[in-house]
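In the UniProt record's numbering, the protein residues as written are 1 to 284.
The structure appears below as structure tokens.
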Amino acid sequence: MSLFDLEISKNIWNGKIPLKITLDPTETDVYGNDKVWDPVYLEVPRCSYLPLVTRQIQQIYTGLGMQVPEDAFLSVWYEDSNKQPLKWHYPIGLLFDIYSSLDSLPWSITLRFKNIPTDTVLLKPTPETMQDMFMAMVKEADFLRNGTTKKVMNLSKRDQSQLWQSLALDRFDEFWAVNRQLVEYSNSSLRNIPLRIYLPDNCPVIQEPVSFYGDSEKQETLTVKDVLRKLIPDLFVSEETLHLISILVHGVELPLDTPISWAYENLSFADNFLHVVVISKPVG
1 MSLFDLEISK NIWNGKIPLK ITLDPTETDV YGNDKVWDPV YLEVPRCSYL
51 PLVTRQIQQI YTGLGMQVPE DAFLSVWYED SNKQPLKWHY PIGLLFDIYS
101 SLDSLPWSIT LRFKNIPTDT VLLKPTPETM QDMFMAMVKE ADFLRNGTTK
151 KVMNLSKRDQ SQLWQSLALD RFDEFWAVNR QLVEYSNSSL RNIPLRIYLP
201 DNCPVIQEPV SFYGDSEKQE TLTVKDVLRK LIPDLFVSEE TLHLISILVH
251 GVELPLDTPI SWAYENLSFA DNFLHVVVIS KPVG
């Protein structure tokens, strides 16, 4: 039986983050030093991606008279106020949960044209490359859920295009008209939950198989705490260690007794992965 709640999914989709985007002052040779360009303020969907923001910024600055070669915008990348390069293939809401907080809104990030840090940021951060990355994640989620990518591969080219374009254009109903074909299931077909866990201090992302049913279909419903205890046992050395962390999904602290299957069905991002961020609480 599906636990999907359309109203919750719509509220997740409508989540927005205000951005303050500033040009790097050391790169005036790219965008011109004869004029001081003010920051751009945007409200962007949490489920969107930075390459789509780049296209908006390009249109804004071009409309204001900035003359920057098209090639320069093909390699744009971003960093936060701590000079942390931002992975453009991560959803924007996920990046915010990892690197910022509600206390720092609008989220101030810097647009960079040069010296992309290839050790942490992938090349070719364009909307077209982002579309390919997004569909690759959707296929991976399909495989984890079902042991096959047939559901994605059976989509028509039109539906595959609509899946991405509706996300890019922030059209919830059009997106779910297609995505529903991927995530609807019968209980017997489910295998693993597409889940990724992000830890503090740039630790490697954790992605391990987590069954929808635990070790047995008869097992009591797995909770977020059950999953984290299995994958990150060091967090559960004592109750005191648990009080030092928060579990975030879409910027909301998730109770540890939340059923993981409910969390997956209702709190997944548009790529059909449940992205869980573990953050350290401030001391004092």
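Think of the CB as a built atom: it goes at the ideal place given N, C-alpha and C, for glycine as much as any other residue.
Predicted model, so just to flag it, every value in this text is computed and none were measured.
Residues near A168 in its chain [Cβ-Cβ closer than 6 Å; skip 5 each side]:
Locating residue 168 in the sequence shown gives position 168, counting from the first residue. So the qualifying residues of the chain are L52.
Just to confirm, is the Cβ distance from K281 to L256 under 7 Å?
Residue numbering aside, residue 281 sits at position 281 when the sequence shown is read from its first letter. Residue numbering aside, residue 256 sits at position 256 when the sequence shown is read from its first letter. No. Outside cutoff.
Quick one: residues in its chain with C-beta nearer than 7 Å to the C-beta of K139, no 5 flanking neighbours on either side, listed in chain order?
Numbered from its first residue, the sequence shown carries residue 139 at position 139. Answer for K139: T149 and V152, listed in chain order.
Separation of G251 from L235, as counted between CA atoms:
Translated into positions along the sequence shown, residue 235 becomes position 235. Translated into positions along the sequence shown, residue 251 becomes position 251. Straight-line Cα distance between these residues: approximately 20 Å.
Given L242, which residues of its chain have a CB within under 8 Å of its CB, disregarding the five upstream and five downstream residues?
In the sequence shown, the residue the question calls residue 242 occupies position 242. The residues are L235, F236 and L256.
Under the three-state reduction of DSSP, which class applies to L235: helix, strand or coil?
Position 235 of the sequence shown, counted from the start, is the residue given in the question as residue 235. Here L235 sits in helix by DSSP.
Report the start-end ranges of each alpha helix (DSSP H) in the UniProt domain "Autophagy protein ATG5 UblA" (12-113) that is 4 residues or longer and not cut off at the edges.
28-31, 50-63, 70-73 and 92-99
Pull up the CB-CB distance for F273 and W13, whole angstroms please, since I reckon it's below 8 Å.
The residue you call residue 273 lines up with position 273 of the sequence shown. The residue you call residue 13 lines up with position 13 of the sequence shown. Between W13 and F273 the Cβ distance is about 15 Å, and since that is not below 8 Å, they are no contact.
Bridge-paired residues (DSSP) for S246
Here the question's residue 246 lines up with position 246 in the sequence shown. Per DSSP, I279.
In terms of residues, what are the limits of the alpha helix (DSSP H) holding R180?
Reading the sequence shown from its first residue, position 180 is the one you call residue 180. Segment F172 to V183, the alpha helix (DSSP H) holding R180.
For K218, collect the residues of the same chain with a Cβ closer than 6 Å to its Cβ; drop the 5 residues on either side in sequence, then sort them by chain order.
The count along the sequence shown starts at 1 and reaches residue 218 at position 218. At K218 the pLDDT is 48, less than 50, meaning the model places this residue with poor confidence and gives no usable figure here.
How big is the Cα-Cα spacing for residue 286 and V44?
Not covered by the structure: residue 286. The range shown for the chain is 1 to 284.
Closest to Y264 by CA distance: which of S108, K124 and P194 is it?
Position 264 of the sequence shown, counted from the first residue, corresponds to residue 264. Closest option to Y264, Cα to Cα, is P194.
Contact under 7 Å by Cβ, L19 with W88:
As a first step, residue 19 must be located in the sequence shown, where it is residue number 19. As a first step, residue 88 must be located in the sequence shown, where it is residue number 88. Cβ distance not < 7 Å, so L19 and W88 don't count as in contact.
Should S100 be labelled buried (16 or more other beta-carbon atoms within 10 Å of its own) or exposed?
For this step, residue 100 is matched to residue 100 along the sequence shown. S100 comes out buried.
Restricting to Cα atoms, I'd like to know which of L3, G93 and S166 is closest to Y49.
As a position in the sequence shown, residue 49 is number 49, starting the count at 1. Among L3, G93 and S166, the Cα nearest to that of Y49 belongs to G93.
Hey, out of I8, C47, P25 and R46, whose CA is closest to P39's CA?
Sequence index remark: in the sequence shown, residue 39 carries index 39 (1-based). For the residues I8, C47, P25 and R46, the minimum Cα distance to P39 belongs to P25.
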